[in-house]
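Counting along the sequence shown from 1, when you hit position 155 you're at 159 in this note's numbering, and nothing is skipped either side.
Where a beta carbon is used, it is the ideal one built from N, C-alpha and C, also for glycine.
Comments concern the structure below.
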Amino acid sequence: MKRLGLTLLTVFALPFSSFAGGGEAPGRVWAKVQATNQFQRSLIANTGVVIEHVGDDFVAITGIPSEIKAVEKKFKVDSKFTLTEKMIDFPGRDARFHNFNEMLQALRSMATNNPDIVRIQEFGRSAEGRPLLNIKITTNAQERTDNKPGIIFIGGHHAREHVSVEFPIMLAQWIVAQYRQGSEDVQRMLQSREINIIPLVNPDGSEYDIADGRYKSWRKNRRPLGGRSIGVDLNRNYSYKWGTSGASRNPASDTYMGPTPFSEPETQAVKRFVEAKDNSTILVSFHTFSELILYPWSYADVRIANERDYLAHKKMAEDMAAMNGYRAIQSASLYPSSGDTSDWAYAEQNMFSFTFELDPRSQAQGGFYPGQGILDVVFRKNLRPCIYMIGLADNPYRSLQTNAGRFGLRSSSLLQ
Ligand SMILES: [Zn+2]
């Protein structure tokens, strides 16, 4: 479905003034800004805007008007327009996407029908009281001790990134179905690994984004902050190097980092959950969009100091990029942002950590709202990288060896 892309492109060509009126509350502005290097992108990110896409000689950004103004002082803005609800109210429902209740239903039925290998765990509540859920997939799933090498997949930090919620659900369903169909590879996998899948960290934001059948391009959670501002950027609210780059102190900003690290019930819950999973060695945070595999650091363009950790992260990211066609890159080499999940997981939880920016590649291909047709594409591309990481969870440094064991999963079994 290219409708979104075309709509935006059409709008993009029109003068800004066409959309500035309407008497609505000041919304967020989308802009295309000339920027050719990392230093420029870093300056732009530090104004608090969200960098939505990095091109060779430009970035696409969204931000509140004051942030856009700050960018315009130093950079050439090729075009911009105000995002209004009307403009992001696209025709046609993406029925394959799960709203919150449908997701609950899907996870619960997976757990009810497969109690031997699936355990559903509520590990916290959102600001509006929705349960935060993990699906643990392993043999003897009801055992309370976690002692197999584990991995944690997390989706849905950012409300509008609905594809990042669907992919983890599809991954869980695929693994369970393969096990039930008698795949020996997957049976071996579940005997020797514990797979944790948290599809949705930000249910309040996600529900708000689709309320009334209209996409609102919402990013943050929905905690009222006093005044007119609502929401903290959950992927700027983790503690490591919190607030040092690419995050805003302005509660109205889309990259608002929160009053303190872990100020939000959602990030607190993830923190407690991950801290309790001593057996887990790898954390993967799914986002959209851009088709990237990112590894630490994100807060600044400095290399991971431990050479072996650096090489293993880089090797894993590059191995996976060869599988899904994404670009593997250190996170901050695009632009810095602090307080994200991956920096925290590596720095403070001693885990290998990756951020996937899933399909599509660009705004023109649909951006946050590419349509449900992309789900099968995303799944086909990213299944193998996930199986690869699950395989390495016993010792991610094995990635540095040739012939790193990967359960001997035959490609045929992955393509069913
Ligand atoms: Zn995101």
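query: Secondary structure at Phe383, three-state DSSP: helix, strand or coil?
result: DSSP places Phe383 within a helical segment (H, G or I) once states are collapsed to three.
field: Residue nearest to Asn354 in terms of C-alpha spacing, selected from Tyr330, His317 and Gln185
entry: Restricting attention to Tyr330, His317 and Gln185, the CA atom closest to the CA of Asn354 is found in His317.
- prompt: My guess is that Glu56 and Ile65 are in contact by the Cβ rule of under 8 Å, so how many angstroms apart are they, rounded?
  reply: Right, their Cβ atoms sit about 6 Å apart.
- prompt: Thinking C-alpha only, which one of Val306, Val288 and Tyr244 is nearest Ala321?
  reply: Checked all of Val306, Val288 and Tyr244; the closest Cα to Ala321 is Val288.
task: With a cut-off of 6 Å, give the chain-ordered residues whose Cβ is closer than this to any heavy atom of ligand 1.
output: In chain order, the hits are His161, His162, Glu165, Asn239 and His291.
message: Just to confirm, is the Cβ distance from Ser335 to Tyr299 under 8 Å?
response: Between Ser335 and Tyr299, the gap from beta carbon to beta carbon is short of 8 Å.
- prompt: For Asn328, which option in Gly128, Asp305, Tyr339 and Leu362 has the closest C-alpha, if you only look at C-alpha atoms?
  reply: Among Gly128, Asp305, Tyr339 and Leu362, the Cα nearest to that of Asn328 belongs to Leu362.
message: Would Ile297 and Ala351 qualify as a contact pair, given that the criterion is a beta-carbon distance under 8 Å?
response: Between Ile297 and Ala351, the C-beta spacing is not below 8 Å.
Buried versus exposed, by CB contacts within 10 Å (16 or more), Asp93: Low confidence applies to Asp93: its pLDDT is 34, below 50, so where it sits in the model is not reliable, and the reading given next is rough at best. Exposed is the call here.
- prompt: Is the Cβ-Cβ distance between Asn138 and Phe358 less than 8 Å?
  reply: For Asn138 and Phe358, no; Cβs fall outside 8 Å.
message: Between which two residues does the alpha helix (DSSP H) holding Pro269 run?
response: Element bounds for Pro269: Pro269 to Ala280.
query: For Ser341 versus Arg226, is the C-beta distance shorter than 8 Å?
result: Contact: no.
Nearest-angstrom Cβ-Cβ length linking Val122 and Val205, presumed shorter than 8 Å: Rounded, the Cβ-Cβ distance is 20 Å, inconsistent with contact.
Pairwise C-alpha distance: Arg192 and Gly52: Going from the Cα of Gly52 to the Cα of Arg192 covers about 46 Å.
- request: Could you check what DSSP says for Gly209 in three-state terms: helix, strand or coil?
  value: Here DSSP, grouped into helix, strand and coil, assigns Gly209 to helix.
task: Compare the Cα-Cα distances from Gln195 to each of Arg32, Glu71, Gly217 and Asn144 and report the closest residue.
output: Selected option, being the one with the closest Cα: Asn144.
Of the listed residues Ile214, Glu132, Lys152 and Tyr242, nearest to Ser346 (C-alpha basis): Nearest C-alpha to Ser346: Tyr242.
message: Let's test the definition: count the other Cβ atoms within 10 Å of the Cβ of Glu165 and tell me whether it reaches 16, buried, or not, exposed.
response: A residue is called buried when at least 16 other Cβ atoms come within 10 angstroms of its Cβ; Glu165 meets this threshold and is buried.
- prompt: When you compare only the Cα positions, how much space is there between Gly59 and Asp323?
  reply: Distance between the alpha carbons of Gly59 and Asp323 is about 24 Å.
task: Give the secondary structure of Ser284 by DSSP, where H, G and I count as helix, E and B as strand, and everything else as coil.
output: Strand.
- request: Note down, in chain order, each residue of its chain lying with its Cβ closer than 7 Å to the Cβ of Pro135, except the 5 sequence neighbours on either side.
  value: Around Pro135, the same chain offers Glu126 and Arg129 as residues with beta carbons nearer than 7 Å, after the five sequence neighbours per side are excluded.
- prompt: Per DSSP, Phe43 is paired with what?
  reply: In the DSSP output, where bridge partners are listed per residue, Phe43 has none listed.
query: Do you know offhand how far Tyr219's Cα is from Asp398's?
result: Taking the Cα positions, Tyr219 is about 41 Å away from Asp398.
task: Over the uninterrupted alpha helix (DSSP H) stretch that includes Ser341, give me the two end residues.
output: Counting along the chain, Ser341 falls outside any alpha helix (DSSP H), and DSSP gives it neither H nor E.
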